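Undergrad:
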Amino acid sequence: MTWRSWLKLGLLLAPGLGLILVFIGSVVYIAIAQSFGLFSLSGESEFSLEYWSRMFERLTYNRAIGYSLYVGFASAFLAVLFAYPLAVWLRRPFPGSLTISAVLKAPLLVHGLVAAFLYVNIISYHGLVNQIMQGLGIWDGPHRLQNDSRAIGVLILQTWKNMPFALLLLVGSVSAISDDVLDAAADLGAGPFARFRRVIAPLSVSATQAALVIVFVGALADFSFQVIAGPVNKQSLSQLMVFFKGYGRWHDAAVVAVTLMGLGIAGSALLALVSRFILRGGRLS
Amino acid sequence: MKAVSVKNASMHFGDFTAVQDVSFDVGEGEFITLLGPSGCGKTTLLKMISGFLQPSSGIIEIGGKDVTHVPPERRDTAMCFQSYALFPHLSVADNLQFGLKQKRLLTAERKQRLQDVATKLDLTAQLDKLPNQLSGGQQQRVALGRALTMRPSVVLFDEPLSNLDAKLRDSVRMEIRKIQRDYNLAAIYVTHDQGEALAMSDRILIMNNGRIEQAGTPHEIYGTPNTSFVADFIGDANILDAEVIGEEGAGRWRLGTQIGELIAASAAPPVAKTLKVCWRPEKAQFGPGTENTITADITHRAFQGNYTDLFVMIASAPQRVQWRDNAVGLADSLTMHIRPEDIIFLEAIA
Ligand SMILES: Nc1ncnc2c1ncn2[C@@H]1O[C@H](COP(=O)(O)OP(=O)(O)O)[C@@H](O)[C@H]1O
Ligand SMILES: [Mg+2]
């Protein structure tokens, strides 16, 4: 391109990209700077690696990393796992399919906090689940389901909330595959699973990657589900960040925030790569 | 044993009937063409045979076995799609081997068949390319090759040459026929091109509105069409309303038509007293004859190279004549005759 077309492109992008760079960029920059002791809100600003080194020694921090990664990866995996068969099923319209997909998308309209409260109500000690299980005679007495230590509650909520989103992305790319192409695969001997593995999956790599990454980044930084339905003995990174902020420890909070961003990027790249590898049947190109 | 038998197959989409009570057989190594106008149900019928559509009623047999309820992946058919339906994410080589890998063929055998088909279809230089890097003709040949590598007992072709230019069409057509003979495959070939059907087929089934209108060898279909639809669809035909006036000896009838009284000779008697008859434009004989001598006014002429199309008026009925001898062209009228055996009885007029 000539310098003129570069200039034109630059000017066209300036209003949008400029805003993003200035606002997001400055926030990211300040967070990183704060994690190294700069931009202090209370006292002297001085460059220091101390906040990072002390943070690495904290058990709560290291546990929170492991826990948040677990929630992030598991949620991304589960959301896509449930969305895929639905996307294949809803690929072509059939009587009632519109209603079904509308109902499936309902979680998009319910705020996460509301959903978490509803969920906690249902599984509480005298909640619906306990009553049904006892009513059916499967359980003798009420079980404690709330805030379970393996964060199953959080995973259920994350999956419930994110699955419709993954579905939206996947339906788009799965319905773009022509009937003839799938018929051709069947004609050449591919049964339903082989059709999925050899045709549908490789042709929807990009959508799957997008779904995995977006769900992962959201769930990695989960706060509201964790606070209401999460295990009481574990903290997510967001929780830890809010905790530090609550005590006015801005530099520590910034370290956790930068950690979240770093993990978000690294985890996304990993997910994108691995999913591509798997869906392409063991090839990257 | 029959390679394929279709027995009373019908296909309804809601209120619409796409295929109605169709029955036919395909012998081993036989090349059958389904010929008919667009929308007459050809693709639907192929999809019923390959298993993508469940017939609303009727039975499909392949190799003597009832496969009506067998899914497509377990039927020994291979289809060459009208839209090619190549796998966009796979190279030409992987497209060609898709079915062979699914069959878990030994690598050596697979490579052998790949080489074989790539050579036959002139695709060796394209094996590493993706489908969107190929020309239409090359994509077409990949689609063809992908079906042929399977060596199924039946190959189904859905208008496979419709997107090729005329030259390429001729050569691919011959190649298809050759491969089909080499492997002794039964083939069902769908086309709306009558020239293609006449040139390629052992047998032609003419379809119209979801039914088989007539079945026969290319010669039978062209020489003795049963209905005006068939007569008009295959080749050119002058179709007339006729009334049988009387029988003139064995197998000869006197007819009253718009172009005057004619004598027709036919092994089969007319189906009704009033019926459609036709004669082919190239059957017109120059000069007067002992019977059916006609004088025609020439209204328009179109030089076609090896013959001239003459549009003529005979007693105010427009007819078409093909004249081999181009020199005749300049007169305003001509005298000709139609031999009685060239007048063909068609369906009754209701
Ligand atoms: N899935 C379908 N639903 C409703 N109508 C269909 C469907 N498939 C085909 N048809 C109709 O059936 C008729 C025959 O179609 P088709 O077999 O594709 O014709 P051809 O291949 O001879 O051109 C057409 O009128 C078409 O619109
Ligand atoms: Mg068709």
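Protein chains in written order, with our numbering: chain A, 101 to 385; chain B, 1167 to 1516.
In this text, a Cβ means the ideal position worked out from N, Cα and C, and glycines have one as well.
Quantities reported herein were computed from a predicted structural model and do not represent experimental measurements.
So, do the region 1409 to 1420 of chain B and the region 1391 to 1399 of chain B have three or more beta carbon pairs nearer to each other than 8 Å?
TA: No, the region 1409 to 1420 of chain B is not in contact with the region 1391 to 1399 of chain B.
Undergrad: Check whether the region 1194 to 1210 of chain B touches the region 1350 to 1363 of chain B, counting contact only when three or more Cβ pairs, one atom from each stretch, lie closer than 8 Å.
TA: With a cut-off of 8 Å, the region 1350 to 1363 of chain B and the region 1194 to 1210 of chain B count as touching, because enough Cβ pairs lie within range.
Undergrad: Counting only Cβ pairs nearer than 7 Å, list the residues of chain A close to B:F1218.
TA: Residue numbering aside, residue 1218 of chain B sits at position 52 when the second sequence is read from its first letter. What B:F1218 touches in chain A: D283.
Undergrad: Output the residues surrounding ligand 1, defined as those with a CB atom closer than 5 Å to any ligand heavy atom, in chain order.
TA: B:F1179, B:A1184, B:S1204, B:G1205, B:C1206, B:G1207, B:K1208, B:T1209, B:T1210
Undergrad: Quick one: is B:H1385 near chain A, going by C-beta distance under 8 Å?
TA: By 1-based counting over the second sequence, the position of residue 1385 of chain B is 219. No, B:H1385 lies away from the interface with chain A (no Cβ there is under 8 Å from its Cβ).
Undergrad: So that I know if they touch, is there some Cβ in chain A lying closer than 8 Å to that of B:A1259?
TA: Residue numbering aside, residue 1259 of chain B sits at position 93 when the second sequence is read from its first letter. Taking Cβ atoms only, chain A never reaches closer than 8 Å to B:A1259, which makes this a no.
Undergrad: Residues in its own chain within less than 8 Å of B:E1427 by CB, not counting five upstream and five downstream?
TA: As a position in the second sequence, residue 1427 of chain B is number 261, starting the count at 1. Excluding positions up to five away in sequence, the list reads I1411, R1420, L1421.
Undergrad: In chain B, which residues lie with their C-beta within 9 Å of the C-beta of A:A294?
TA: Here residue 294 of chain A refers to the residue found at position 194 when the first sequence is read from its first residue. Those within 9 Å of A:A294 in chain B are E1239, Q1268.
Undergrad: With DSSP run on the structure shown, which of helix, strand or coil describes B:D1368?
TA: In the second sequence, residue 1368 of chain B corresponds to position 202, counting from 1. Coil at B:D1368, not helix or strand.
Undergrad: Quick check on A:T160: buried or exposed, where buried means 16 or more other Cβ atoms within 10 Å of its Cβ?
TA: Here residue 160 of chain A refers to the residue found at position 60 when the first sequence is read from its first residue. A:T160 should be labelled exposed.
Undergrad: Does any C-beta atom of chain A lie closer than 8 Å to the C-beta of B:F1264?
TA: Here the question's residue 1264 of chain B lines up with position 98 in the second sequence. So, interface residue.
Undergrad: Given that a residue counts as buried once 16 or more other Cβ atoms are within 10 Å of its Cβ, and exposed if not, what is A:Q134?
TA: The count along the first sequence starts at 1 and reaches residue 134 of chain A at position 34. Looking at its Cβ environment, which holds 16 or more other Cβ atoms inside 10 Å, A:Q134 is buried.
Undergrad: Can you pull the chain A neighbours of B:M1245, defined as C-beta to C-beta under 8 Å?
TA: As a first step, residue 1245 of chain B must be located in the second sequence, where it is residue number 79. Correct list: D283, A284, D287.
Undergrad: Taking the alpha carbon of B:H1255 as the reference point, which residue from A:V281, A:F139, A:A183 has its own alpha carbon closest?
TA: Within the second sequence, the letter at position 89 stands for residue 1255 of chain B. Looking at the Cα atoms, A:V281 is the closest of the given residues.
Undergrad: For the region 297 to 309 of chain A, list every residue whose C-beta sits within 8 Å of some C-beta in chain B, in sequence order.
TA: R298, V299, P302, L303
Undergrad: Per DSSP, B:S1171 forms a beta bridge with which residues?
TA: Stepping through the second sequence from its first residue, residue 1171 of chain B is reached at position 5. Its beta-bridge partners are B:D1191, B:E1227.
Undergrad: Please identify, using Cβ separations under 7 Å, the residues of the region 346 to 375 of chain A that lie next to chain B, in order along the chain.
TA: none
Undergrad: Enumerate in chain order the residues of its own chain whose CB-to-CB distance from B:G1302 is below 6 Å, with the five nearest sequence positions on each side excluded.
TA: For this step, residue 1302 of chain B is matched to residue 136 along the second sequence. Hits under 6 Å: N1329.
Undergrad: Return the bridge partner residues of B:M1373 from the DSSP annotation.
TA: Counting from 1 along the second sequence, the entry for residue 1373 of chain B is found at position 207. For B:M1373, which the question treats as bridged, DSSP gives the partners B:I1378.
Undergrad: Are any of the Cβ atoms in chain A nearer than 8 Å to that of B:S1176?
TA: As a first step, residue 1176 of chain B is located in the second sequence; it is residue number 10 there, counting from the start. Not a single CB atom of chain A sits nearer than 8 Å to the CB of B:S1176.
Undergrad: Give a yes or no on whether the minimum CB-CB distance between A:S280 and chain B is below 8 Å.
TA: Counted from its first residue, the first sequence places residue 280 of chain A at position 180. The question names Ser, yet the displayed sequence has Asp at residue 280 of chain A. Chain B contact via Cβ: present.
Undergrad: Pairs of beta-carbons, one from the region 341 to 356 of chain A and one from the region 128 to 144 of chain A, closer than 8 Å: are there three or more?
TA: They touch, by the three-pair rule.
Undergrad: Since A:A290 meets chain B, which of its residues come closer than 7 Å, beta carbon to beta carbon?
TA: Taking the first residue of the first sequence as position 1, residue 290 of chain A is located at position 190. Within chain B, the residues near A:A290 are E1239, Q1268.
Undergrad: For B:M1316, decide whether its Cβ has a neighbour in chain A, counting only Cβ atoms nearer than 8 Å.
TA: Working through the second sequence from its first residue, we reach residue 1316 of chain B at position 150. Judged by the 8 Å Cβ criterion, B:M1316 is in contact with chain A.
Undergrad: Is any beta-carbon of chain A found at less than 8 Å from that of B:S1204?
TA: If you number the second sequence from 1, residue 1204 of chain B lands on position 38. Not one chain A Cβ lies under 8 Å of B:S1204.
Undergrad: So which residues of chain A does B:F1253 contact, with C-beta pairs closer than 7 Å?
TA: On the second sequence, residue 1253 of chain B is found 87 positions in, with the first residue counted as 1. Within chain A, the residues near B:F1253 are V281, V299.
Undergrad: Assuming B:I1425 and B:I1460 are in contact, meaning their beta carbons sit under 8 Å apart, how far apart are those beta carbons, in whole angstroms?
TA: For the purposes of this step, residue 1425 of chain B is identified with residue 259 of the second sequence, where counting begins at 1. For the purposes of this step, residue 1460 of chain B is identified with residue 294 of the second sequence, where counting begins at 1. With 8 Å as the limit, B:I1425 and B:I1460 qualify as a contact, their Cβ atoms being about 6 Å apart.
Undergrad: Could you work out which residue in A:I314, A:S105, A:A176, A:Y225 is closest to A:H243 when comparing CA atoms only?
TA: For this step, residue 243 of chain A is matched to residue 143 along the first sequence. The shortest CA-to-CA distance from A:H243 to any of A:I314, A:S105, A:A176, A:Y225 is the one to A:Y225.
Undergrad: With the cut-off set at 8 Å, would you say B:P1506 and B:A1431 are in Cβ contact?
TA: As a first step, residue 1506 of chain B is located in the second sequence; it is residue number 340 there, counting from the start. As a first step, residue 1431 of chain B is located in the second sequence; it is residue number 265 there, counting from the start. Contact: yes.
Undergrad: At a cut-off of 7 Å, would you count A:D280 as near ligand 2, judging by its Cβ distance to the nearest heavy atom?
TA: In the first sequence, counting from the first residue as 1, residue 280 of chain A sits at position 180. No; taking the cut-off as 7 Å, the Cβ of A:D280 has no heavy atom of ligand 2 nearer than that.
Undergrad: The alpha helix (DSSP H) with A:M263 in it runs from where to where?
TA: Indexing the first sequence from 1 puts residue 263 of chain A at position 163. Start and end: 252 to 275.
Undergrad: How should A:N162 be labelled, buried or exposed, when 16 other C-beta atoms within 10 angstroms of its C-beta is the threshold for buried?
TA: Taking the first residue of the first sequence as 1, we reach residue 162 of chain A at position 62. Label assigned to A:N162: exposed.
Undergrad: Say whether chain A places a C-beta atom closer than 8 Å to the C-beta of B:S1301.
TA: Counting from one through the second sequence, the residue named residue 1301 of chain B turns up at place 135. No, because no Cβ of chain A sits closer than 8 Å to the Cβ of B:S1301.
Undergrad: Answer with buried or exposed for A:K334, where buried requires no fewer than 16 other C-beta atoms within 10 angstroms of its C-beta.
TA: The residue you call residue 334 of chain A lines up with position 234 of the first sequence. Buried, since its Cβ has 16 or more Cβ neighbours within 10 Å.
Undergrad: Comparing the CB of B:D1508 with every heavy atom of ligand 2, is any distance shorter than 7 Å?
TA: Counting from 1 along the second sequence, the entry for residue 1508 of chain B is found at position 342. Incorrect: B:D1508 has no Cβ contact closer than 7 Å to ligand 2.
Undergrad: Using a Cβ-Cβ cutoff of less than 8 Å, which residues in the same chain neighbour B:R1339 once the five nearest sequence positions on both sides are dropped?
TA: Walking along the second sequence from the start, residue 1339 of chain B turns up at place 173. Here the set comprises L1327, E1362, A1365, M1366.
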